[in-house]
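**Q**
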Amino acid sequence: MNNLLARHIAEARSALASRRSFNKVFGIGGHKTGTTTLADVFTLCGLRVGNQVEGELTSYSARRGDYSKLIAYVQNADAFQDSPFAESEVFIALDALFPNSRFILTVRDPEDWFRSQMRFTAKRFGLADGNQITKEHIQQDQYIFRGYCAEAHAYAFLMRTPDYKFHSSFDIGEDAIEWEKLFNKDEYIRAYLTRNELIRRFFRGRPHQLLEIDMTTAETIENIAEFLGLPESLSKVPMPHANKT
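Residue numbers (our numbering): 233 to 477.
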């Protein structure tokens, strides 16, 4: 870390210590919308960022309506992103469990988002083309533990009710998973847009609690710094743009 960035972080921490007006900060945008970059921005803003893998481990229980592990995890840091915060309707529980928190919905062009999903997953399996990804690739993935990615993927994209509302609980039964929808462009984009609109509707009338931002086009952290009430001097800090796909 260079001296300039260290000074920015120290300034942000000092400002938060004296005038912080919020509880927690949750990045609730879907995967591949700049969530890794957002974690870096949280650090630049002087926030303690929750360990991503620890957060992901709470997903299994949260999908089943048990938020006890998630609550314990959130109590130990200031800002969070990725799973389970990027999933389904978890943001509704977080809004109730941690009043006066701030939520950041990261978005990007839907077509670009889908291509990024395909590229990222293909790369994980050493495939040249996302169209080569199969059900077996997802099921056999060993990330965190075998079956974790299959469940997460099914929960995010392959388990919808006919009217396209999100399930309130997870049914692990194989017959509940519509594998024929795996990386179906229209289905994925529809799921992506449906969830984003659900978030907007939920926070309608509360602009102080929800910031929507396209991390792929933002050149500085100005909007996020302003949203969190940080000094104007931080507004010119360049957006880090991590982990591009």
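By construction, the Cβ of each residue, glycine as well, lies at the ideal position given by its N, Cα and C atoms.
Leaving aside the five residues before and after residue 446 along the sequence, list all residues of the same chain whose C-beta is less than 7 Å from its C-beta, in chain order.
**A** The beta carbon of residue 446 is closer than 7 Å to those of 339 and 340 in its chain, skipping five residues each way along the sequence.
**Q** Does DSSP classify residue 334 as helix, strand or coil?
**A** strand
**Q** Starting from residue 302, follow the alpha helix (DSSP H) in both directions and report where the run begins and ends.
**A** 300 to 306
**Q** List the endpoints of the continuous alpha helix (DSSP H) containing residue 359.
**A** No alpha helix (DSSP H) holds residue 359; DSSP gives it neither H nor E.
**Q** Whole-angstrom Cβ separation of residue 336 and residue 270, contact assumed at under 8 Å?
**A** 7 Å
**Q** The beta strand (DSSP E) spanning residue 257 covers which residue range?
**A** 257 to 259
**Q** Any contact between the region 253 to 270 and the region 315 to 331? By contact I mean 3 or more CB pairs, one from each, below 8 Å.
**A** yes
**Q** What separation, rounded to the nearest whole angstrom, lies between the Cα atoms of residue 350 and residue 410?
**A** Looking at the backbone, the Cα of residue 350 and that of residue 410 are separated by about 18 Å.
**Q** Have a look at 327, 297, 284 and 422 and flag the residue whose alpha-carbon is nearest the alpha-carbon of residue 308.
**A** 284
**Q** When we look at the beta-carbon of residue 259 and count the other beta-carbons within 10 Å, is it buried (16 or more) or exposed?
**A** buried
**Q** How far does the alpha helix (DSSP H) with residue 425 in it extend, from its first residue to its last?
**A** 417 to 434
**Q** Identify which residue in 297, 418 and 302 has its Cα closest to the Cα of residue 343.
**A** 418
**Q** Which whole-angstrom value is the C-beta distance of residue 352 and residue 420, which I expect to be below 8 Å?
**A** Not quite, the Cβ-Cβ distance comes to about 13 Å (not below 8 Å), so this is no contact.
**Q** From 292, 306 and 302, pick the residue whose C-alpha is nearest to that of residue 280; which is it?
**A** Looking at 292, 306 and 302, the one whose alpha-carbon comes closest to that of residue 280 is 306.
**Q** Among the residues of its own chain, which have a CB less than 8 Å from the CB of residue 468, if the five just before and after it don't count?
**A** 452 and 454
**Q** Cβ of residue 287 within 6 Å of any heavy atom in the ligand GDP?
**A** Although the ligand GDP was asked about, the structure shown includes no ligands whatsoever.
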